Amino acid sequence: MPPIPLTNEQAAALHECLISLGSNIDPDHYFGQALRIISHECDLLARSEAIRTAPVGYQQQPDFLNAAMLVSTPLEREAFRAYLKEVENRLGRVRGVIKSGPRTMDLDMVAWDGEVVDEGYYHYDYVRMPVDEVLASSGRTLNDKKTS
1190 MPPIPLTNEQ AAALHECLIS LGSNIDPDHY FGQALRIISH ECDLLARSEA
1240 IRTAPVGYQQ QPDFLNAAML VSTPLEREAF RAYLKEVENR LGRVRGVIKS
1290 GPRTMDLDMV AWDGEVVDEG YYHYDYVRMP VDEVLASSGR TLNDKKTS
């Protein structure tokens, strides 16, 4: 069955979200799973290559793979944030006492409709580099509150 085209009203109601992905438990497997799930359930507009990074915070764990993706969704911001947590759960995410500890998948909203919503973008290369790659490849820009 071919996709049903969106009406102009439905298309106007779509939001764009830049997502940061991170995994250090079987990351190749979980990156593939996250990409499959999100691209099936959202409209994948762009994605970065994965980069390998050393852990931040808790050091007694494997290196991470980090990447970013840009998607569009009809969900509102808080509903989409809850959706990302639900995807993490589906991918076996266990939230332990060590917040920066190992994980199968971490999905964080970095920007919503062009507005930065995660200060990590300004502080961590493992967030900024993949996001900037997605911005460059998609022709998008962010409303940078740090310079306004």
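Counting along the sequence shown from 1, when you hit position 31 you're at 1220 in this note's numbering, and nothing is skipped either side.
Glycine included, every Cβ here is placed at the ideal spot set by N, Cα and C.
These numbers come from a predicted model, not from an experiment.
DSSP three-state assignment for residue i, whether helix, strand or coil
i: Asp1217; result: helix
i: Met1318; result: helix
i: Leu1224; result: helix
i: Arg1284; result: coil
Supposed contact pair residue j and residue i - C-beta distance, whole angstroms, cut 8 Å
i: Ala1239; j: Phe1220; result: 6 Å
i: Leu1234; j: Leu1273; result: Contact flag wrong, Cβ pair sits at about 16 Å.
i: Thr1293; j: Ile1214; result: 5 Å
i: Val1299; j: Tyr1311; result: That pair is no contact at about 10 Å.
i: Leu1280; j: Gln1222; result: 6 Å
i: Ala1268; j: Pro1319; result: In fact, because the Cβ distance is near 24 Å, the residues do not count as touching under 8 Å.
i: Leu1132; j: Pro1291; result: Past the boundaries of the shown model lies residue 1132; the chain is included only from 1190 to 1337, so the question cannot be answered.
Per DSSP, the bridge partner or partners of residue i
i: Leu1259; result: Leu1207, Ala1235
i: Asp1295; result: Gly1211
i: Leu1254; result: Ser1212, Arg1241
For residue i, the first and last residue of its enclosing alpha helix (DSSP H)
i: Arg1266; result: 1266–1279
i: Gly1303; result: Counting along the chain, Gly1303 falls outside any alpha helix (DSSP H), and DSSP gives it neither H nor E.
i: Tyr1131; result: Nothing about residue 1131 can be read from this structure; the chain reaches only from 1190 to 1337.
Problem - the stretch 1206–1225 touching the stretch 1316–1331, judged by at least three CB pairs closer than 8 Å - result: yes
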